[in-house]
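To start, the structure itself, in structure tokens.
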Amino acid sequence: MRNSPVARAQFSTRPISSRRSRPDTILPNRRLAARSAVRRGPAIKPIASASLWLAVYLALIVAPVLVLLLEPTPHGGGFWWDFALVLGYAALAMMGLQFWLTARFKRATAPFGIDIIYYFHRYLATIACLLLLLHASLQLALYPDAVGGIDPRAAPGYMTMGWIALLVFAVLIASSLWRKRLGIEYDRWRRWHGMLAVTGVVLGLLHVEGSGSYLTSPLKRWLWGALALSWIGLIVWVRVLRPWRLRQQPYRVVDVRQEPGRSWTLSLQPEHPPAFDYRPGQFAWVSLRASPFALREHPFSISSSPTRPGPLQFTIKALGDFTATVGQIGIGEIAYVDGPYGIFGIDAHPHATGFVFVAGGVGIAPIVSMLRALADRGDRRPLWLFYGNRRWDRVVFREDLDALRTQLDLRLVHVLSEPPEGWPGEHGFIDLAVMQRHLPTESTGLHFLVCGPDPMIRLVERNLEALGVPLRQLHSEIFDLA
Amino acid sequence: MRERWARLLALLTGAAVLLLAVGFALVQNRTRPSPAMAEPPPVVVANGVRVANEVQAAVAGRSVFDEQRCARCHSIAGQGNPRSPLDGVGSRLSREEIRQWIVADDAIKDDLSPRALSAKQTYAALPAAQIDALVDYLQGLRE
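Chains as they are written, first to last, in our numbering: chain D, 336 to 817; chain S, 84 to 226.
What follows is the structure, given as structure tokens:
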């Protein structure tokens, strides 16, 4: 049955009318070409840049603590006293650093990919919160008389602020790690997240200022004050200046196309062209029906290709509270776009001998962007696409992919978990056996790009590791940021 | 894969901060050993009214010490803030010096941090009897 011609005909997705020829125009994007030329240079460049930013990061954590050792230093209070106290300072500096991590500085995040920066932000915040907890419990357990108890009626104000800060941070972490389980809606969570973060850090700073055990000279107080100002300054940048800049470049919705499987492709045209340069596979934060100041922006993959003129396109599936409303967006509405971000894409691996794409559901969006770019550039490297969906009638870009197949050396493998009667293709999940059936035994030089829901990414990564694919040739885009 | 790196880097950062705190605490305490914890002040055993008065004064002084929450910044016998221990202060300072340190007198003002200065200035307003009792109590803290 697998290869019966009847079944093939039934599931053919190549209506003659939708067959596309190569686009007439290919954008000669000079700036982009120049940028990728730099990327093609010796591999040391991204590593050097990553190391530089890692050094900056370490300095931002270590320096605030070393400042405390500047003369005049107070008498030592015993090992555990000083250990517990400096832990509090360092953990607060880690919390302050979070504002740097999430300020979306393009240059600093580029070597790592901003999706991973958000992941890192989450881990680091959890660890900082644990360190703060250690700081407070050591103090309370070993020096109860100096701490003066938790009761706010008896304790000095700055101690109470420290306790509230700790509580705020605990709420902040719990509400982020378990947002979905707690049923907190994304937009609301995000507003509260920002407010709680600022509250926690400001209370922490007031606690330090009040107890101020190491801030014994004007210089030290000034340096810590400057540090605190840099954190507050970043809030102003993120919440005021960047939204203000985004408002200067509004986009207009020029098309809303319904795709299969509760998905829509939104086409956005800048009011004052040109739009930003981007690489295929990147994403942007989009605000729809909301001012950029409202912080109701959502990260979406760009499905259009920079090699083609025309609007910026985002393909969005109804998965959450906000995405369910995308279909109601009307033509002519205003949108704001903060981007591009992300390092997921073919252009980061110019030396690859070929690419294997693995997409789950709407995870196809950035991959279609890449395939379009490869087609427009006349790239003849061998390509594979493993595309997992539940049902055949929900496969997004089904026809576009067939059209692309005529222009590319592309092997397209649809994998359906609920295949229809007589389905000749692969079914189940994109597991080891499926991949082994279609991939060549010799896959040195191939790069693997995976985009889809978290469990799928994990499964595919495990399988590829089992196949002996080196980790540096395995790339994935994290979908779910919180 | 990148998640693993992110998690590893976050864990390493946490470990580095712990090490940094250990190093800091060692540097801070390199000149002076940490004050002995929980060593009770020597009990004066003697007879007569004078000793009884002294004991009474010491008890009154201790309650002033507690009421004014001196332990936030000072420790006695390992209880309280270990940064400025008062153990043996009676052997190091005279009565008058102790009084000057309590109320941030002009004579010792320059040796106090601005924060300590502002905390101590309020003690000058305490009733003289309370300050005397506190001085008595601290005088009794001998090496």
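The C-beta atom is built at its ideal place from N, Cα and C for all residues, glycine as well. Treat the numbers as computed from the prediction; the structure is a model and nothing was measured.
Q: List the residues that DSSP assigns as beta-bridge partners of HIS157 of chain S.
A: Assignment of beta-bridge partners to HIS157 of chain S by DSSP yields S:SER167.
(Q) Just checking: is the beta-carbon of ALA160 of chain S within a distance shorter than 8 angstroms of some beta-carbon in chain D? (A) ALA160 of chain S does not count as touching chain D.
**Q.** Residue range of the beta strand (DSSP E) that includes HIS782 of chain D
**A.** The continuous beta strand (DSSP E) containing HIS782 of chain D extends over residues 781-786.
Q. So, does the CB of THR437 of chain D fall closer than 8 angstroms to a CB anywhere in chain S?
A. Closer than 8 angstroms to the CB of THR437 of chain D there is not a single CB belonging to chain S.
Q: Taking only beta-carbon positions, decide if HIS410 of chain D is within less than 8 angstroms of chain S.
A: HIS410 of chain D counts as touching chain S.
Q. Listed in chain order, which residues of the segment 165-177 of chain S have Cβ atoms closer than 7 angstroms to some Cβ of chain D?
A. The segment 165-177 of chain S vs chain D, Cβ under 7 angstroms: PRO165, ARG166 and SER167.
Q: Report the neighbours of ALA425 of chain D on chain S: residues whose CB is nearer than 8 angstroms to its CB, in chain order.
A: What ALA425 of chain D touches in chain S, judged by beta-carbon distance under 8 angstroms, is VAL100, LEU103 and ALA104, going in chain order.
**Q.** Contacts that ASN112 of chain S makes with chain D (C-beta to C-beta distance below 7 angstroms)
**A.** Within chain D, the residues near ASN112 of chain S are GLY411, GLY413, PHE414 and ASP417.
Q.
Quick check on DSSP: helix, strand or coil for LYS515 of chain D?
A. Note: LYS515 of chain D maps to coil in three-state DSSP.
Q: Kindly indicate if chain S contains any beta-carbon less than 8 angstroms away from that of SER752 of chain D.
A: At a cut-off of 8 angstroms, the C-beta of SER752 of chain D has no neighbouring C-beta in chain S.
Q. Does the beta-carbon of VAL126 of chain S have 16 or more other beta-carbons within 10 angstroms, so that it is buried, or is it exposed?
A. Low confidence applies here, because VAL126 of chain S scores a pLDDT of 49, under 50, leaving its location unreliable; read the following figure in that light. By the 10 Å Cβ count, VAL126 of chain S comes out exposed.
**Q.** Proximity test, Cβ basis, 8 angstroms: MET429 of chain D and chain S
**A.** Between MET429 of chain D and chain S, the shortest Cβ-Cβ separation is below 8 angstroms.
Q.
Does the CB of ARG90 of chain S have a neighbour CB from chain D at under 8 angstroms?
A. It does; some Cβ of chain D falls within 8 angstroms.
Q) Would you call GLN617 of chain D buried or exposed, if buried means 16 or more other Cβ atoms sit within 10 Å of its Cβ? A) Its Cβ being crowded by 16 or more others within 10 Å, GLN617 of chain D is buried.
Q: Using a Cβ-Cβ cut-off of less than 8 angstroms, list which residues of the segment 530-553 of chain D approach chain S; keep chain order.
A: Listed in sequence order: GLY547, SER548 and THR551.
Q: May I ask you to report which of helix, strand or coil DSSP gives TYR671 of chain D?
A: TYR671 of chain D falls in the strand class under three-state DSSP.
Q: Identify which residue in D:VAL730, D:ALA629 and D:PRO553 has its Cα closest to the Cα of PRO197 of chain S.
A: When each option's Cα is compared against that of PRO197 of chain S, the closest is D:PRO553.
Q | Test: SER201 of chain S CB closer than 8 angstroms to a CB of chain D | A | At a cut-off of 8 angstroms, the C-beta of SER201 of chain S has no neighbouring C-beta in chain D.
Q) DSSP on ILE666 of chain D, reduced to helix/strand/coil? A) In the three-state scheme derived from DSSP, where H, G and I count as helix and E and B as strand, ILE666 of chain D is classed as coil.
Q: Please go through the same chain and pick out, in chain order, the residues whose beta-carbon is closer than 7 angstroms to the beta-carbon of ARG597 of chain D, but skip the five residues on each side of it.
A: Counting only Cβ-Cβ distances below 7 angstroms, and skipping sequence neighbours, we find LYS652 and ALA653.
Q) What three-state label does DSSP hand ALA694 of chain D in the structure shown? A) Collapsing the DSSP output to three states places ALA694 of chain D in a strand.
Q. What whole-angstrom Cβ distance do ARG113 of chain S and ILE451 of chain D have, given they're in contact under 8 angstroms?
A. Contact flag wrong, Cβ pair sits at about 40 angstroms.
Q. Are there 16 or more other CB atoms within 10 angstroms of the CB of LEU601 of chain D, so buried, or fewer, so exposed?
A. LEU601 of chain D is buried by the Cβ-count criterion.
Q. When DSSP labels each residue in this structure, what does ASP590 of chain D get in the three-state scheme?
A. Strand at ASP590 of chain D.
Q.
Under 8 angstroms: do the segment 684-692 of chain D and the segment 629-637 of chain D share three or more Cβ pairs, one atom per stretch?
A. No, because fewer than three Cβ pairs between the segment 684-692 of chain D and the segment 629-637 of chain D fall closer than 8 angstroms, the two stretches do not touch.
Q. Using a C-beta to C-beta distance shorter than 9 angstroms, which residues of chain S count as neighbours of TYR478 of chain D?
A. Neighbours of TYR478 of chain D on chain S, chain order: ALA154, SER158, GLN162, GLY163, ASN164 and PRO165.
Q) What residues are listed by DSSP as bridge partners for ALA653 of chain D? A) In DSSP, ALA653 of chain D forms no bridge with anything.
Q: Indicate whether at least one CB of chain S lies closer than 8 angstroms to the CB of VAL397 of chain D.
A: Judged by the 8 angstroms Cβ criterion, VAL397 of chain D is in contact with chain S.
(Q) How far does the alpha helix (DSSP H) with SER565 of chain D in it extend, from its first residue to its last? (A) Looking at the DSSP string, the run of the alpha helix (DSSP H) that includes SER565 of chain D is 553-571.
**Q.** Coil, strand or helix - ALA211 of chain S by DSSP
**A.** If DSSP states are grouped into helix, strand and coil, ALA211 of chain S belongs with the helices.
Q: Return the Cβ separation of LEU224 of chain S and GLY173 of chain S in integer angstroms, given the expectation that the two are a contact with Cβ distance under 8 angstroms.
A: Cβ-Cβ separation between LEU224 of chain S and GLY173 of chain S: approximately 5 angstroms, consistent with a contact (criterion under 8 angstroms).
**Q.** Three-state secondary structure assigned by DSSP to GLU86 of chain S
**A.** Helix at GLU86 of chain S.
(Q) Just to confirm my understanding: we take ARG631 of chain D, look at its own chain, exclude 5 residues before and 5 after, and list those with CB closer than 7 angstroms. What are they? (A) Closer than 7 angstroms at the Cβ level, and outside the excluded window around ARG631 of chain D, lie ASP522, SER622 and ALA625.
Q. Which first and last residues belong to the beta strand (DSSP E) in which PHE618 of chain D is found?
A. Unbroken beta strand (DSSP E) run through PHE618 of chain D: 618-623.
Q) Can you tell which of D:PRO479, D:VAL402 and D:ALA385 has the C-alpha that lies nearest to the C-alpha of ALA154 of chain S? A) Looking at the Cα atoms, D:PRO479 is the closest of the given residues.
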